[in-house]
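When we follow numbering that gives the first Met the number 0, the leftmost residue of the sequence shown carries the number 0, and every step to the right adds one.
Note that the Cβ used here is the ideal one computed from N, Cα and C, for glycine as well.
Everything numeric in this text was worked out from a predicted model, so none of it was measured.
Data block below; observations after.
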Amino acid sequence: MPDFRNRWLAYAQRIHALAVTGLTYGLGPFDRERYQELEDLALDMLSDLGDGPPFDLKPLFPIEQGYQTPKVDVRGVVFDEDRILLVREQDNQRWALPGGWADVGLTPAENVVKEVEEESGLKVEAKALIAVLDKKCHPHRPEEPHYAYKMFFYCEAFGGHLRTSYETTEVGFFSRHSLPMLSENRNTPGQIEMCFDYHERPTLGTRFD
0 MPDFRNRWLA YAQRIHALAV TGLTYGLGPF DRERYQELED LALDMLSDLG
50 DGPPFDLKPL FPIEQGYQTP KVDVRGVVFD EDRILLVREQ DNQRWALPGG
100 WADVGLTPAE NVVKEVEEES GLKVEAKALI AVLDKKCHPH RPEEPHYAYK
150 MFFYCEAFGG HLRTSYETTE VGFFSRHSLP MLSENRNTPG QIEMCFDYHE
200 RPTLGTRFD
């Protein structure tokens with residue numbers, strides 16, 4: 000069943016992207032009416048396929064125009080010797096690498112530096128790209144309606160101090176064998192293992208889907 004559900008989730012995401020593209024480039028009111036109906040159907044499908052009860056997804060999707068592309072999520076990977084930095088998320092009280100959606104106008108590296116400082120208090124420099132992953136290829140739970148790529152950056156701290164923010168309730172470093180309960184819609188156990196592997200063997204190079 001999970002594979003069947005994931006396939007339909009991918010179909011709904013693709014239909015939504017095509018519908019929004021059609022709303023931008025449609026040639027007349029007839030086209031726009033049909034593409035709007037497709038968008039509404041896709042959002043209904045995404046709502047029904049979610050892990051929780053169905054709800055209106057339109058507020059989650061800003062008014063977008065043009066050809067649809069994946070959203071980009073950036074994650075900062077910071078180590079203190081053999082321990083990895085994690086933040087406890089305000090919304091579900093589970094732990095994740097500091098990060099979030101990339102902002103327009105900032106480079107990927109600038110985005111991850113900003114996210115790490117905002118969520119943990121540490122000033123860091125992005126040193127290397129560990130991975131660029133397609134979220135659908137990994138067992139994130141619960142699933143989200145957005146189609147997203149995830150970028151993991153190896154960072155080095157040079158200042159600041161650990162503190163929480165309005166998005167985080169705790170901040171700390173954890174060893175490979177004493178990880179807390181993870182926020183698996185943000186990072187999976189396998190992705191955290193990937194970060195430890197890179198820290199121990201940086202010659203592994205960048206991983207990608």
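Going by beta carbon distance, what residues of the same chain come within less than 6 Å of ASP208, once the five residues before and after it are set aside? Counting from one through the sequence shown, the residue named residue 208 turns up at place 209. So the list reads LEU132, ASP133, CYS136, once near-sequence residues are dropped.
Assuming ARG74 and LEU96 form a contact by the criterion Cβ under 8 Å, report the distance between their Cβ atoms to the nearest whole angstrom. Counting from 1 along the sequence shown, the entry for residue 74 is found at position 75. Counting from 1 along the sequence shown, the entry for residue 96 is found at position 97. Between LEU96 and ARG74 the Cβ distance is about 4 Å, and since that is below 8 Å, they are a contact.
Identify, in the order they occur along the chain, each residue of the same chain with its Cβ nearer than 7 Å to the Cβ of ALA41, setting aside the five sequence neighbours on each side. Residue numbering aside, residue 41 sits at position 42 when the sequence shown is read from its first letter. Answer for ALA41: ALA11, ILE14, HIS15, ALA18, listed in chain order.
Based on DSSP bridge pairs, tell me the residues matched to TYR153. Here residue 153 refers to the residue found at position 154 of the sequence shown. For TYR153, which the question treats as bridged, DSSP gives the partners VAL76, ALA127.
I need the straight-line Cα distance from ASN5 to MET180, nearest angstrom please. Start at 1 with the first residue of the sequence shown, and residue 5 comes out as number 6. Start at 1 with the first residue of the sequence shown, and residue 180 comes out as number 181. One C-alpha to the other measures close to 24 Å.
What are the complete beta strand (DSSP E) segments, minimum 3 residues, inside the segment 93 to 138? 98 to 100, 121 to 133
Quick one: any contact between the segment 155 to 164 and the segment 183 to 195, if contact means 3 or more CB pairs under 8 Å? no
DSSP three-state label for GLU88, please. Reading the sequence shown from its first residue, position 89 is the one you call residue 88. Correct three-state label for GLU88: strand.
If contacts are defined as beta-carbon pairs under 8 Å, then VAL77 and GLY98 qualify, I think. What distance do you get, rounded to the angstrom? For this step, residue 77 is matched to residue 78 along the sequence shown. For this step, residue 98 is matched to residue 99 along the sequence shown. So it is not a contact: roughly 11 Å between Cβ atoms.
Counterpart residues of GLU169 in DSSP-defined beta bridges: Here residue 169 is taken as the residue at index 170 of the sequence shown, counted from 1. Note: GLU169 sits in a beta bridge opposite ARG87.
Short check: CB of LEU213 to CB of GLU36, under 8 Å? Residue numbering for the chain in the displayed model covers 0 to 208; residue 213 lies beyond these limits and cannot be assessed.
Is GLY159 helix, strand or coil when you go by DSSP? Here residue 159 corresponds to residue number 160 of the sequence shown, with the count starting at 1. Strand, per DSSP.
How many Å lie between LEU203 and THR163 at the Cα? If you number the sequence shown from 1, residue 203 lands on position 204. If you number the sequence shown from 1, residue 163 lands on position 164. Between LEU203 and THR163, the C-alpha separation is close to 32 Å.
Straight-line Cα distance separating VAL71 from ASP79: Residue 79 sits at position 80 when you count from the first residue of the sequence shown. Residue 71 sits at position 72 when you count from the first residue of the sequence shown. The straight-line gap from Cα to Cα measures roughly 26 Å.
With distance defined between alpha-carbon atoms, name the residue in ASP43, ARG87, THR20 nearest to PHE172. In the sequence shown, counting from the first residue as 1, residue 172 sits at position 173. The option with the nearest alpha carbon to PHE172 is ARG87.
Leaving out the 5 sequence neighbours to the left and right, which residues in its chain are closer than 7 Å to LEU117 when beta-carbon positions are compared? One-based indexing of the sequence shown puts residue 117 at position 118. According to the sequence shown, residue 117 is Glu rather than Leu. These residues qualify, in order along the chain: SER164.
By the DSSP assignment, the alpha helix (DSSP H) with TYR197 in it spans what residues? Against the sequence shown, residue 197 aligns to sequence position 198. Element bounds for TYR197: 188 to 199.
Taking the alpha-carbon of GLN89 as reference, which of THR187, THR168, ARG200, TRP7 has the nearest alpha-carbon? Counting from one through the sequence shown, the residue named residue 89 turns up at place 90. Comparing Cα positions, the closest option is THR168.
Take the Cβ of SER119 as the centre, count every other Cβ of all protein chains shown within 10 Å, and call the residue buried at 16 or more, exposed below. As a first step, residue 119 must be located in the sequence shown, where it is residue number 120. Buried, because 16 or more other Cβ atoms sit within 10 Å of the Cβ of SER119.
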